[in-house]
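Counting from 1, position 121 in the sequence shown corresponds to residue 159 in our numbering; the numbering is continuous, with no gaps.
The structure appears below as C-alpha cells.
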Amino acid sequence: MSGIGQYFSQGMQQFALLWIVLETTGSLTQLSVVVLLQGLPMLSLILVGGVMADRLNRRRVLLATQSGPMAVAVALAVLLTAGWLAMWHIYLGALTLGSFQAFNQPARRAMTRDLVPHAAMMSAVTLESLLMTSTRVIGPAMSGAIIGALGLAASLYAIAGFYLVGVLFLWATPYMAVVRRPFERRPSVVGDLLGGVRYAAREPALRSIILLAFGVGFFGMAYLQLNAAVAREVWNLPADAAGRFVTAAGVGALLGSVALVALSHSRRKNWLLIVVGMGFPVALGAYALSPWLWLAVVSLGLLGLTSTATTSMINTLIQYTAPGEYLGRMFSLTQIGASLMYVDAAPIGALGEAIGLRWSMAAALLFLVHGAVILLYQPHLRRLRAD
C-alpha cells in the first residue's frame with residue numbers, strides 16, 4: 039500500500055507539474071528547464087543515496103523521502119490557490135522533488151533483498167514494476183480529469199493525499215527485516231561511494247548491466263518526461279485527452295510486467311533483457327515519427343512495454359549478481375541513467391521548440407540505437423546466468 043501511494047502520486051505529479059508549466063508559459067523551453075532542475079539533484083545525489091541505502095535503516099529513509107514530496111505538493115497547491123504561484127516556486131519544487139527521489143529509489147529497490155527470498159526475486163521485482171506501471175495507467179488520466187473538472191490546485195491536493203496514504207501505511211508497518219550490511223572498514227561516505235564504484239568497475243557482468251542502464255536512461259527514457267508536451271504540442275489535445283494519451287505507456291508497461299511475471303522462472307534472463315532492449319529503439323522511432331495519432335498511441339504502448347521490461351530485467355539482474363553489502367550502491371549506479379533522462383529531456387525539449395518535438399526525439403533515437411547495438415551484445419551479458 040505504501041508503494042501504491044507513492045507511485046500513484048508520482049504518476050499524477052509528473053503530469054500535473056508539466057501541465058502547469060505549459061498552461062502558464064506555453065513554452066517548451068520552460069518545460070525543459072523544469073525537467074532539468076528535477077534531474078540535476080538526482081544526478082548529483084544518487085550515488086550518495088545509494089551509500090545511505092547501504093548504511094541506514096531503509097524504512098526510515100523511505101519515510102523521510104515520501105513525506106518530503108507530500109509537503110512540496112501541498113505547498114504548490116496552496117500557492118496556486120492563493121494566486122501567488124510563480125515559476126521560481128515550480129523551479130524550487132522540481133529541485134526538491136529530484137533531491138528526495140535520489141535517496142528514495144536506491145533504498146526502495148535495495149530493500150527488496152531484505153524482504154524477498156532469492157528464488158522469488160524476479161517475480162518480486164516485476165510485481166513492483168507492475169504496481170508502478172499500473173498506477174502510471176491511472177495516475178495521469180486521473181490528474182488530467184481532475185484538472186479538467188476542478189482545476190490544477192485540486193490535482194495537487196489529491197497528489198498530496200496519495201502521498202499521505204503511502205506514508206501512513208509505511209509508518210504503520212510494525213517490522214521490516216533489515217539485514218545488517220558489513221563494511222570493510224566502515225569508511226566515510228565518500229569512501230563507501232568510491233568503494234562501490236571500484237567494485238562495479240572490476241565486475242564485468244555488473245559493469246555491462248550498469249552501462250546498459252546508463253544508455254537506456256540517457257538516450258531513451260526522456261520520452262517519459264515529454265509525453266504531456268507531445269500530447270499538447272504535436273497532437274493538440276486538451277488536458278483530459280492528454281491524460282488518456284499518456285496512459286497508453288502505462289497500459290503497455292502493465293502488459294510487459296504481466297509477461298515478465300509469466301517468464302520469471304526462465305534461466306535466460308539475460309536474453310530476455312537483450313530482446314526487449316532491442317525492441318525499445320524500434321518503438322521509440324515509431325512514436326517520434328508517427329504521422330497518425332492512432333499509431334502514436336500504439337507506439338507509446340509498445341514504448342511502455344519495452345522500457346518497463348528493460349528496466350525490470352536490469353533491476354532483476356542487479357538483485358541476482360550484486361552482494362548485499364553493495365546493493366544500494368549498485369542500484370544508485372543504475373539510477374544514474376534514469377537521472378540523466380531528465381537532463382536529456384531538456385535539450386530535446388529546447389530543440390523541439392526550434393525544429394519540432396518529434397524531430398528532436400528522433401535525433402536522440404540515433405544514439406539509443408547505437409548504444410543498444412554495442413551494449414546489448416557484450417559477451418559478459420550474453421553469458422550471464424541468473425538462476
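From the three backbone atoms N, C-alpha and C, an ideal C-beta is built for every residue, glycine too.
Predicted, not measured: the structure shown is a model, and the values here were computed from it.
Query: C-alpha distance - Ile356 paired with Gly204, whole-angstrom precision; Result: 26 Å
Query: Three-state secondary structure (DSSP) of Gly49; Result: helix
Query: Cβ separation of Thr348 and Phe318, assumed to be a contact under 8 Å, to the nearest whole Å; Result: 6 Å
Query: Proximity of Pro144 and Gly233 at Cβ, strictly below 8 Å; Result: no
Query: Completely contained beta strand (DSSP E) runs for the stretch 295 to 356, where each covers 3 or more residues; Result: none
Query: Thr285 and Pro178 closer than 8 Å at C-beta; Result: yes
Query: Backbone secondary structure at Gly177 - three-state DSSP; Result: helix
Query: Meets three-Cβ-pair contact criterion under 8 Å: the stretch 383 to 398 and the stretch 270 to 284; Result: yes
Query: Cβ contact check for the stretch 54 to 73 and the stretch 115 to 130: 3 or more pairs under 8 Å; Result: yes
Query: DSSP three-state assignment for Met259, whether helix, strand or coil; Result: coil
Query: CB of Leu365 within 8 Å of CB of Leu208, strictly; Result: no
Query: Sequence-distant residues of its chain with Cβ nearer than 8 Å to Tyr201 (five each side left out); Result: Gly43, Gln44, Ser47, Gln104, Ser105, Pro107, Met108, Ala111
Query: Buried versus exposed, by CB contacts within 10 Å (16 or more), Arg96; Result: buried
Query: Leu275 (DSSP reduced to helix, strand or coil); Result: coil
Query: Spatial neighbours of Val381 in its chain, beta-carbon cut-off 8 Å, leaving aside the 5 residues before and after; Result: Leu74, Gly77, Leu78, Leu81, Phe256
Query: Member of Arg93, Arg396, Leu395, Leu69 whose CA lies at the smallest distance from the CA of Ser226; Result: Arg93
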